[in-house]
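Comments concern the structure below.
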Amino acid sequence: MELNGVKENAKILVKDWLKDIFAEEVISEDENLIEKGLSSIKIMQTIFRYA
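Just so you know, we're using our numbering here: the sequence shown kicks off at 478 and counts up by one.
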């Protein structure tokens, strides 16, 4: 039971941390995300998975 609580807290911390990092990042709807790099796509997938 305690492990699930730790996992949930870790998810919340990572989500908040990523929001803080990208708070000022503005991505327009016509921006080419491939040019931003795969790491950006992976980060967005992580954010949306736990949002």
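All residues carry an ideal CB built from backbone N, CA and C; glycine is no exception.
First through last residue of the alpha helix (DSSP H) which encompasses residue i
i    : result
A500 : No alpha helix (DSSP H) contains A500, which DSSP labels as neither H nor E.
Distance between residue j and residue i (C-alpha atoms, nearest Å)
i    : j    : result
S516 : Q522 : 10 Å
L490 : E512 : 28 Å
I498 : K492 : 10 Å
L480 : K488 : 12 Å
F525 : E485 : 15 Å
L495 : G482 : 20 Å
K519 : D507 : 19 Å
Cβ-heavy atom distance, residue i to the ligand MN, below 7 Å
i    : result
A500 : In terms of ligand content, the structure shown is empty, and the ligand MN therefore cannot be addressed.
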